[in-house]
Amino acid sequence: MKLLIVDHYFSQAYALALQSRFPGLEIAHGRSFAEVAAAHGSAEAVFALGHLFNDALVSRMASLRWVQALTTGTDAIQALSALPPGVTVTSARGIHAPQMSEMAFIHMLALAHQLPRMLRNQANSRWERWPQSLLYRKRVLILGVGVIAEGLARRCKAFDMEVVGVSGTPRTVPHFDRVAPRADLHAELAQADYVVSLLPAGPETDGSIGAAFFRAMRPSACFVNMSRGSVVDEAALLDALRSGAIAGAGLDAFAVEPLPADHPFWREPRILISPKHGGTTDIYVEQVMPILEHNVACYLDGRLDDMKNIVLRGATPAALHSLEAR
Numbered sequence: 188m189k190l191l192i193v194d195h196y197f198s199q200a201y202a203l204a205l206q207s208r209f210p211g212l213e214i215a216h217g218r219s220f221a222e223v224a225a226a227h228g229s230a231e232a233v234f235a236l237g238h239l240f241n242d243a244l245v246s247r248m249a250s251l252r253w254v255q256a257l258t259t260g261t262d263a264i265q266a267l268s269a270l271p272p273g274v275t276v277t278s279a280r281g282i283h284a285p286q287m288s289e290m291a292f293i294h295m296l297a298l299a300h301q302l303p304r305m306l307r308n309q310a311n312s313r314w315e316r317w318p319q320s321l322l323y324r325k326r327v328l329i330l331g332v333g334v335i336a337e338g339l340a341r342r343c344k345a346f347d348m349e350v351v352g353v354s355g356t357p358r359t360v361p362h363f364d365r366v367a368p369r370a371d372l373h374a375e376l377a378q379a380d381y382v383v384s385l386l387p388a389g390p391e392t393d394g395s396i397g398a399a400f401f402r403a404m405r406p407s408a409c410f411v412n413m414s415r416g417s418v419v420d421e422a423a424l425l426d427a428l429r430s431g432a433i434a435g436a437g438l439d440a441f442a443v444e445p446l447p448a449d450h451p452f453w454r455e456p457r458i459l460i461s462p463k464h465g466g467t468t469d470i471y472v473e474q475v476m477p478i479l480e481h482n483v484a485c486y487l488d489g490r491l492d493d494m495k496n497i498v499l500r501g502a503t504p505a506a507l508h509s510l511e512a513r
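All letters in the sequence shown, in the order written, are residues 188 to 513 by my numbering.
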């Protein structure tokens, strides 16, 4: 099988690990698709971040049979009109709880203790003291209750926070004090000190965090977005901050990424920005490799239904063997 791996940081590490485990693989790798343009047409499988795919790129991949996203999100891949019929798409879902929950917690701590204010004072050699706000005994409302939310809830409990979730399927979840139904969202917003969005992108969620949402929050509360930029009405968020409807925001996702240099978020002192850091780590290869190794083994054996995190099901094993025999 000819495999193409594209990743800005770890493409070589993935290639070395997979070549060692599967010596028969023909692997091309690079930091960008442009670096490995010669391999586009012959690649049967492509491993890359989901947002890097586009129709122009995929239309050049005549041999494509399998796409393994190195991310949880695959919406950009699923939206491709040029994706050939029968292509299997799998994701890296399930590995991001440690980094996403830590980054969300960094935002909450930084907002609570006014870290941007400290850094501005440091840059200006200014000694200023004020009573510190604690996370201790504060209430955090988490939107979207899954593996990442459980990781965040566990960290919040270590700081003696009250943890409430909102989900379409209210249930008992480890480390949550309770999980409320979506119908109670605005009532829960009015009681929360921190609101963290882990909502996926989609027709039901895109733009759902807007003016009415922020009006329902406490003026002393802070909002943290760790999910997708599309779920937030950015103009409404700016209005909420400037009017004092909410106290601050920590953002790791944006409608346009990278965030344009002239975007007003950069100049808003009540916003803390992290440049989509939530999903990446220094041990990402170690985290994702079990999924990659398992899925490669299944693919080579023709056991497509046994692959992990199937998003789109491709050819059946029998059809796959027929394709390989051509």
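Backbone N, C-alpha and C fix where the C-beta goes; we use that ideal spot for every residue, glycine too.
- Shown here for residue 291: same chain residues with a beta carbon closer than 7 Å to its own, the five before and five after excluded, namely 339, 383, 411, 413 in chain order.
- Under the DSSP assignment, residue 338 falls in the alpha helix (DSSP H) whose first and last residues are 334-345.
- Contact between the stretch 473-483 and the stretch 445-459 is absent, with fewer than three C-beta pairs closer than 8 Å.
- Judged by DSSP secondary structure, residue 286 falls within the alpha helix (DSSP H) whose first and last residues are 284-299.
- In this chain, residue 239 is not harboured by any alpha helix (DSSP H), its DSSP state being neither H nor E.
- Check the Cα spacing between residue 284 and each of 483, 485, 467: the tightest is with 467.
- For residue 323, the secondary structure class from DSSP, reduced to helix, strand or coil, is coil.
- Shown here, residue 360 sits in coil according to DSSP, grouped into three states, outside any helix or strand.
- Within its own chain, the residues whose Cβ lies closer than 6 Å to the Cβ of residue 348, once the five positions on either side in sequence are excluded, are 322, 325, 327, listed in chain order.
- Per DSSP, the beta-bridge partners of residue 216 are 192.
- Per DSSP, the unbroken alpha helix (DSSP H) holding residue 477 starts and ends at 471-488.
- Separation of residue 270 and residue 432 (C-alpha to C-alpha, rounded to the nearest whole angstrom) is 44 Å.
- Taking a C-beta distance under 9 Å as the contact criterion, residue 418 and residue 204 do not qualify as a contact pair.
- Between residue 230 and residue 191, the C-beta gap is smaller than 9 Å, which places the two residues in contact.
- Sequence-distant Cβ neighbours of residue 398 in its own chain, meaning closer than 8 Å and more than five residues away, are 420, 423, 426, 427.
- A residue is called buried when at least 16 other Cβ atoms come within 10 angstroms of its Cβ; residue 194 meets this threshold and is buried.
- The DSSP-derived three-state label of residue 374 is helix.
- The shortest CA-to-CA distance from residue 469 to any of 197, 228, 233 is the one to 197.
- DSSP places residue 460 inside the beta strand (DSSP E), whose first and last residues are 458-460.
- Looking at 279, 313, 320, the one whose alpha-carbon comes closest to that of residue 295 is 320.
- Runs of alpha helix (DSSP H) with 4 or more residues, each lying fully within the stretch 366-423, are found at 372-376, 398-403, listed in chain order.
- Around the beta carbon of residue 253, a 10 Å sphere encloses 16 or more other beta carbons of the protein chains shown; the residue is thus reported as buried.
- Looking only at 282, 357, 311, the smallest Cα-Cα distance to residue 335 is reached by 282.
- 462 is the residue among 462, 245, 447 whose C-alpha sits nearest the C-alpha of residue 440.
- Out of 216, 304, 493, 255, the CA that lies nearest to the CA of residue 238 is found in 255.
- Exclusion of the five residues before and after residue 261 leaves 237, 276, 278, 498 as the residues of its chain whose Cβ lies within less than 7 Å of its Cβ.
- Exclusion of the five residues before and after residue 442 leaves 416, 417, 419, 421 as the residues of its chain whose Cβ lies within less than 8 Å of its Cβ.
- A buried status is given to residue 227, since no fewer than 16 other beta-carbon atoms sit within 10 Å of its beta-carbon.
- A Cβ-Cβ distance of about 15 Å is found for the pair residue 234 and residue 263, leaving them out of contact under the 8 Å criterion.
- For residue 354, the enclosing beta strand (DSSP E) has its first and last residue at 349-354.
- Spatial neighbours of residue 485 in its own chain (CB-CB distance under 6 Å, excluding positions within 5 residues in sequence) are listed in chain order as 493, 494.
- The distance from the Cβ of residue 362 to that of residue 344 is about 5 Å, consistent with a contact at the 8 Å cut-off.
- Judged by DSSP secondary structure, residue 264 falls within the alpha helix (DSSP H) whose first and last residues are 262-265.
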